[in-house]
Amino acid sequence: MNPYASVTQLRSGLDNGDFSAEELAHCYLDRIDAAKDLNCFITVDAEGVLDAAKRADKAIANKRIGPLTGIPIAHKDLFCTRGLLTSCASRMLNNFVAPYDATVVDRLKRAGAITIGKTNMDEFAMGSSNETSFYGPVKNPWDRECVPGGSSGGSAAAVAAGLAAACTGSDTGGSIRQPASFCGVTGLKPTYGRVSRYGMIAFASSLDQGGPLARSASDAGTLLNAMEGYDPNDSTSAIADATDISSSSRALKIGIPTQYWSDLSPSLTKVLEEARRTLESLGHQAVSLELPHTNAATAVYYVIAGAEASTNLSRYDGIRYGHRAAAPENLEDLYQFSRSEGFGSEVKRRILTGTYALSVGYYDAYYLKAQQIRRLIRQDFLDAFGEADVILTPVSPSTAFKREALIEDPISMYQQDIYTTPASLAGLPALSLPCGVSDEMPVGMQFIGPHFGESSLLTLGREYQDETDWHALHPADNHD
Ligand code: GLN
Numbered sequence: 002m003n004p005y006a007s008v009t010q011l012r013s014g015l016d017n018g019d020f021s022a023e024e025l026a027h028c029y030l031d032r033i034d035a036a037k038d039l040n041c042f043i044t045v046d047a048e049g050v051l052d053a054a055k056r057a058d059k060a061i062a063n064k065r066i067g068p069l070t071g072i073p074i075a076h077k078d079l080f081c082t083r084g085l086l087t088s089c090a091s092r093m094l095n096n097f098v099a100p101y102d103a104t105v106v107d108r109l110k111r112a113g114a115i116t117i118g119k120t121n122m123d124e125f126a127m128g129s130s131n132e133t134s135f136y137g138p139v140k141n142p143w144d145r146e147c148v149p150g151g152s153s154g155g156s157a158a159a160v161a162a163g164l165a166a167a168c169t170g171s172d173t174g175g176s177i178r179q180p181a182s183f184c185g186v187t188g189l190k191p192t193y194g195r196v197s198r199y200g201m202i203a204f205a206s207s208l209d210q211g212g213p214l215a216r217s218a219s220d221a222g223t224l225l226n227a228m229e230g231y232d233p234n235d236s237t238s239a240i241a242d243a244t245d246i247s248s249s250s251r252a253l254k255i256g257i258p259t260q261y262w263s264d265l266s267p268s269l270t271k272v273l274e275e276a277r278r279t280l281e282s283l284g285h286q287a288v289s290l291e292l293p294h295t296n297a298a299t300a301v302y303y304v305i306a307g308a309e310a311s312t313n314l315s316r317y318d319g320i321r322y323g324h325r326a327a328a329p330e331n332l333e334d335l336y337q338f339s340r341s342e343g344f345g346s347e348v349k350r351r352i353l354t355g356t357y358a359l360s361v362g363y364y365d366a367y368y369l370k371a372q373q374i375r376r377l378i379r380q381d382f383l384d385a386f387g388e389a390d391v392i393l394t395p396v397s398p399s400t401a402f403k404r405e406a407l408i409e410d411p412i413s414m415y416q417q418d419i420y421t422t423p424a425s426l427a428g429l430p431a432l433s434l435p436c437g438v439s440d441e442m443p444v445g446m447q448f449i450g451p452h453f454g455e456s457s458l459l460t461l462g463r464e465y466q467d468e469t470d471w472h473a474l475h476p477a478d479n480h481d
């Protein structure tokens with residue numbers, strides 16, 4: 002059995018009886034066990050996945066087959082899963098077993114997917130390296146000295162290492178796209194509102210969006226189809242046409258924001274240029290354009306995301322659920338000690354800076370100003386989509402960096418997000434897909450589309466992946 006097979010290949014293998022769902026689940030469980038040092042998982046649900054696999058085998062025998070029946074996937078540990086720990090990689094939720102499934106989890110189950118476990122991540126999804134997890138860092142399977150990216154680092158590394166067929170992730174300012182790029186997998190941040198946030202632990206509610214990490218654009222589309230759609234439990238979820246994952250290709254104008262390429266290292270420029278030429282050889286036309294306000298995106302993002310995080314995280318008070326300090330003397334101490342002990346230092350930094358940006362006297366200078374610039378950034382994109390159908394950019398200024406290289410330097414860590422935060426602030430869909438290697442580490446590129454333009458992003462991704470093999474590369478198993 003090939004653990005690196007695509008969802009499409011696994012579907013036909015299961016339907017043709019080449020292997021059973023139970024055998025497939027065992028294959029991934031054995032690999033997870035052998036790759037424990039990567040630390041991709043916070044929870045592995047061996048019993049649950051094997052039970053579900055047996056049921057899937059019966060369903061397949063009875064020809065009651067959904068698009069994902071019998072396919073093992075893992076969820077980022079911020080999606081609530083009934084009966085399983087949902088920790089958000091925080092000591093604060095180290096004992097939290099959700100009483101219900103997130104809409105994303107529920108919909109994927111209905112499509113037949115089976116849950117193999119919950120993946121490691123940066124604490125409360127705050128980070129770009131997966132080093133802020135209470136459960137320890139995740140290692141990059143391409144080079145165990147390097148980070149897998151973050152915050153959906155466990156999901157990206159699990160797909161890259163062949164430990165699950167695909168995973169869910171969440172993206173507030175790049176957390177699906179950047180780890181996808183660092184681990185050589187395909188990740189999609191959908192349009193804000195495309196996927197329900199119900200049951201997804203909130204970080205910054207005007208930016209958070211769930212999405213898939215998978216082996217190809219085609220697999221990402223299959224997962225998106227199962228996840229997407231209006232949900233009455235999330236008032237910001239949109240009523241929109243489903244993504245058409247079998248749409249045929251057409252010649253597109255691909256916008257190249259010139260300022261994004263000028264700061265890039267020569268080796269990454271070379272890879273991105275090659276990808277651009279491949280896209281042109283497929284009949285698409287590259288056009289230069291400007292996104293003048295997006296150079297402020299990362300600063301704006303860290304003000305807005307911090308402000309929203311500071312209010313969202315005020316619910317963790319040690320009283321209703323989550324970590325509670327032992328033997329406080331009074332109510333004040335209970336709040337103070339529970340929060341001091343429960344949150345890690347990056348989360349505390351966000352709460353402090355976010356509270357500051359919202360406080361009287363600073364609100365106008367920081368939060369309001371950031372909202373005004375956010376509006377200008379959105380307008381830049383709306384103008385750009387008058388000239389181009391899709392925008393092509395890097396995902397990250399570098400390939401995966403070494404662990405501990407940036408963790409003591411928050412500003413440098415935040416600057417990792419320069420290419421991903423613009424689409425987040427504008428609420429646009431963006432696809433990250435492998436397009437080459439530099440010093441033996443994967444490099445990703447990003448396609449940004451207009452609101453609800455996922456179909457053309459995925460079609461372009463599929464076309465590119467039909468032409469190239471970068472998405473099919475995988476790290477060597479170092480436990481064989
Ligand atoms: N790296 C960004 C941050 O730390 C993005 C995180 C995310 O998208 N969840 O906030």
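Numbering (this note's numbering), first residue to last: 2 to 481. Just so you know, even glycine gets a beta-carbon here, dropped at the ideal spot from N, CA and C.
> Expressed to the nearest angstrom, what Euclidean distance is found between the alpha-carbon atoms of residue 69 and residue 26?
Replying inline: Residue mapping note: residue 69 aligns to position 68 of the sequence shown, counting from 1. Residue mapping note: residue 26 aligns to position 25 of the sequence shown, counting from 1. Near 13 Å, if we compare the C-alpha coordinates of residue 26 and residue 69.
> Nearest-angstrom Cα distance between residue 160 and residue 167?
Replying inline: In the sequence shown, counting from the first residue as 1, residue 160 sits at position 159. In the sequence shown, counting from the first residue as 1, residue 167 sits at position 166. Those two C-alpha atoms are separated by around 6 Å.
>> the ligand GLN and residue 410: does the residue's C-beta get closer than 6 Å to at least one heavy atom of that ligand?
In response: On the sequence shown, position 409 is the one that residue 410 refers to. Checking every heavy atom of the ligand GLN against the Cβ of residue 410, none is found closer than 6 Å.
>> Across the segment 293-300 and the segment 66-81, are there enough close Cβ pairs to call them in contact, namely three or more that are closer than 8 Å?
In response: no
>> Please tell me whether, using a cut-off of 6 Å, the distance from the CB of residue 354 to the nearest non-hydrogen atom of the ligand GLN is below it.
In response: Locating residue 354 in the sequence shown gives position 353, where the first residue counts as 1. Result no, Cβ not under 6 Å from the ligand GLN.
> What is the rounded straight-line gap between the Cα of residue 232 and the Cα of residue 241?
Replying inline: As a working note, residue 232 is residue 231 in the sequence shown. As a working note, residue 241 is residue 240 in the sequence shown. Approximately 11 Å between the Cα atoms of the pair.
> What are the residues that DSSP puts in a beta bridge with residue 42?
Replying inline: As a first step, residue 42 must be located in the sequence shown, where it is residue number 41. Looking at the DSSP assignment, residue 42 forms a beta bridge with 120.
>> Taking 6 Å as the limit between beta carbons, can you name the residues of its chain near residue 268, skipping five residues before and five after?
In response: If you number the sequence shown from 1, residue 268 lands on position 267. So the list reads 439, once near-sequence residues are dropped.
> At what residues does the alpha helix (DSSP H) containing residue 354 begin and finish?
Replying inline: For the purposes of this step, residue 354 is taken as residue 353 along the sequence shown, with counting starting at 1. Element bounds for residue 354: 346-359.
> According to the neighbour-count rule (16 or more other Cβ atoms, all chains shown, within 10 Å of its Cβ), is residue 366 buried or exposed?
Replying inline: Here residue 366 corresponds to residue number 365 of the sequence shown, with the count starting at 1. Counting Cβ neighbours within 10 Å, residue 366 comes out exposed, since fewer than 16 surround it.
>> Here's the rule: buried if 16 or more other CB atoms are within 10 angstroms of the residue's CB, otherwise exposed. What is residue 195?
In response: Here residue 195 is taken as the residue at index 194 of the sequence shown, counted from 1. Per the 10 Å Cβ criterion, buried.
> Any idea what DSSP makes of residue 17, helix, strand or coil?
Replying inline: The sequence position of residue 17 within the sequence shown is 16, counting from 1. Coil, per DSSP.
> Taking Cβ to Cβ, would you say residue 448 is nearer than 7 Å to residue 396?
Replying inline: The residue given as residue 448 occupies position 447 in the sequence shown. The residue given as residue 396 occupies position 395 in the sequence shown. No, they are not a contact pair.
> Rounded to the nearest angstrom, how far is the Cβ of residue 1 from that of residue 71, given a contact under 8 Å?
Replying inline: An answer regarding residue 1 cannot be provided, because it is not within the stretch 2 to 481 covered by the chain.
>> Here's the rule: buried if 16 or more other CB atoms are within 10 angstroms of the residue's CB, otherwise exposed. What is residue 209?
In response: Walking along the sequence shown from the start, residue 209 turns up at place 208. Counting Cβ neighbours within 10 Å, residue 209 comes out buried, since at least 16 surround it.
> Is any heavy atom in the ligand GLN found nearer than 6 Å to the beta carbon of residue 129?
Replying inline: On the sequence shown, position 128 is the one that residue 129 refers to. At least one heavy atom of the ligand GLN is nearer than 6 Å to the Cβ of residue 129, so yes.
> How is residue 303 classed by DSSP in three states: helix, strand or coil?
Replying inline: Locating residue 303 in the sequence shown gives position 302, counting from the first residue. Correct three-state label for residue 303: helix.
> Which whole-angstrom value describes the C-beta separation of residue 450 and residue 430, a residue pair presumed to lie in contact below a C-beta threshold of 8 Å?
Replying inline: Sequence index remark: in the sequence shown, residue 450 carries index 449 (1-based). Sequence index remark: in the sequence shown, residue 430 carries index 429 (1-based). At roughly 5 Å, the Cβ-Cβ gap stays under 8 Å, so residue 450 and residue 430 are in contact.
> Distance, Cα to Cα, residue 371 vs residue 352?
Replying inline: The residue you call residue 371 lines up with position 370 of the sequence shown. The residue you call residue 352 lines up with position 351 of the sequence shown. Near 17 Å, if we compare the C-alpha coordinates of residue 352 and residue 371.
>> Closest to residue 221 by C-alpha separation, out of 474, 227, 213, would be which residue?
In response: In the sequence shown, the residue the question calls residue 221 occupies position 220. Among 474, 227, 213, the Cα nearest to that of residue 221 belongs to 213.
> So, do the segment 111-119 and the segment 34-47 have three or more beta carbon pairs nearer to each other than 8 Å?
Replying inline: yes
>> For residue 453 and residue 332, I'd like the C-alpha separation in whole angstroms.
In response: Numbered from its first residue, the sequence shown carries residue 453 at position 452. Numbered from its first residue, the sequence shown carries residue 332 at position 331. Their Cα atoms are separated by approximately 47 Å.
> Thinking C-alpha only, which one of 226, 257, 153, 108 is nearest residue 181?
Replying inline: Here residue 181 is taken as the residue at index 180 of the sequence shown, counted from 1. With distances taken between Cα atoms, residue 181 lies closest to 153.
> residue 309 to residue 368, Cα distance in whole Å?
Replying inline: Locating residue 309 in the sequence shown gives position 308, where the first residue counts as 1. Locating residue 368 in the sequence shown gives position 367, where the first residue counts as 1. Those two C-alpha atoms are separated by around 10 Å.
> Could you give the uninterrupted runs of the alpha helix (DSSP H) lying entirely in the segment 135-170, keeping only those of 4 residues or more?
Replying inline: 154-161
>> Alpha carbons only, please: which of 135, 147, 344, 191 is nearest the one belonging to residue 318?
In response: The residue you call residue 318 lines up with position 317 of the sequence shown. Checking every option, the nearest Cα to that of residue 318 belongs to 344.
>> Along the chain, where does the alpha helix (DSSP H) containing residue 524 start, and where does it finish?
In response: Summary: the structure shown does not reach residue 524, with the chain confined to residues 2 through 481, and so no result is reported for it.
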